[in-house]
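A short worksheet on the structure shown next.
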Amino acid sequence: MDKAAKNTTSDILFLYELSLSIGRSMDVAQSCQDFLGLLMSRKEVAFASVWVANDKLPDGGTASEATLVYAVPQSRVLHRSLPLDHPSFRLTKEQCPVAIKAGDSGFSEVTAEQVGNTGVYALFRLGGFGLLKLYSQRQEAFSGKELRQLRNVVEKFAVSLEGCLAHQHLYAEVQERKQAQEALKQNEGFLEAIVENIPDMIFLKDAEEL
Numbered sequence: 001m002d003k004a005a006k007n008t009t010s011d012i013l014f015l016y017e018l019s020l021s022i023g024r025s026m027d028v029a030q031s032c033q034d035f036l037g038l039l040m041s042r043k044e045v046a047f048a049s050v051w052v053a054n055d056k057l058p059d060g061g062t063a064s065e066a067t068l069v070y071a072v073p074q075s076r077v078l079h080r081s082l083p084l085d086h087p088s089f090r091l092t093k094e095q096c097p098v099a100i101k102a103g104d105s106g107f108s109e110v111t112a113e114q115v116g117n118t119g120v121y122a123l124f125r126l127g128g129f130g131l132l133k134l135y136s137q138r139q140e141a142f143s144g145k146e147l148r149q150l151r152n153v154v155e156k157f158a159v160s161l162e163g164c165l166a167h168q169h170l171y172a173e174v175q176e177r178k179q180a181q182e183a184l185k186q187n188e189g190f191l192e193a194i195v196e197n198i199p200d201m202i203f204l205k206d207a208e209e210l
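My numbering applies: residue 1 is where the sequence shown begins, and numbers increase by one.
See below:
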C-alpha cells in the first residue's frame, strides 16, 4: 500500500472513530469531552471551545450573547460570554467552516482566548445555535481537505449537542415543576393545619368571653 492510500485509510478510520465518540452522553460537558478529547489528540489542537447562544440554554442570559459551555484547557479561557455579532460568529455565518492563521487580517479579531499572536484557527458553525473553535499552534492553516473531512462529523456533533441541550431544558422544567408541586403541598399542609385548628380557636375564644 502506497503512502497516499495509507493516509486515506488512516483518515477514514479517524473519522469513523470520531463519529463513534458522538452521542454517548446526554450531558453537554461529557458530550463535548468525548468528541473534542479525541479530535484534539489527533489534530494537534491546543485549545477547543464550544459556544451556545443564550436563547438555547435553560438558564438563559442576555439574548444577544453566547455562553462558553465547554473549553479545554481552562487556562486559555479569557471570556465566558461573547456577543453574537463577534467576528467568530459572523464569519461562520458567511462561510463555514473557516480557516484563519496568524498574520491574516482577521486573526486578532476572532481571537478571544489566551493564544498569543501565533497559530491557526478553524471555526465551525454548530447548527443555528452555536460555534466550535479549534486552535492549533502549528504554522500552516487547516487545509481545505481537513475542513471538509471534519465538517460532516462536526455537523453530526452539532445534532447530538442540540439533543443534549433539549434534554437539559427538559430536566430544568421537571425540576421547576417538582419545586412548584412541593411548594403547593407545603401551602396545602399549612391551610389544612389552620382549618383543623379553627374549632379549638373558636372554643378558646368563647371560653375567654364567659
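Backbone N, C-alpha and C define an ideal beta-carbon position, used for all residues, glycine too.
Proximity of residue i and residue j at Cβ, strictly below 8 Å
| i | j | result |
| --- | --- | --- |
| F107 | A122 | no |
| F47 | R76 | yes |
| V72 | L36 | yes |
| V110 | L84 | no |
| W51 | L78 | no |
Straight-line gap, residue i to residue j (C-alpha atoms, nearest Å)
| i | j | result |
| --- | --- | --- |
| A63 | F89 | 14 Å |
| A102 | S19 | 30 Å |
| L147 | V98 | 8 Å |
| S41 | Q186 | 53 Å |
| D59 | L15 | 34 Å |
| S10 | L150 | 14 Å |
| L113 | D55 | The displayed chain sequence assigns Glu, not Leu, to residue 113. When rounded, the distance between both Cα atoms is 23 Å. |
| V153 | V28 | 17 Å |
When the options are compared against residue i, the one with the closest alpha-carbon
| i | options | result |
| --- | --- | --- |
| Q33 | S160, D55, P58 and P97 | S160 |
| E140 | E17, E44 and D59 | E44 |
| G127 | K6, H167, S105 and K156 | K156 |
| M26 | P83, E162 and Q181 | E162 |
| E17 | T8, V52, L39 and N7 | L39 |
| I12 | K145, E182 and Q168 | K145 |
Those residues which DSSP pairs with residue i across a bridge
| i | result |
| --- | --- |
| G130 | V52 and L126 |
| A66 | A53 and L82 |
| V72 | A48 |
| E113 | V77 |
| Y252 | Because the chain is modelled from 1 through 210, residue 252 falls outside the range shown and cannot be assessed. |
Margin query: Count Cβ pairs between the region 114-121 and the region 20-32 that sit closer than 8 Å; are there 3 or more?
Written below: Contact annotation: the region 114-121 does not touch the region 20-32, with fewer than three C-beta pairs closer than 8 Å.
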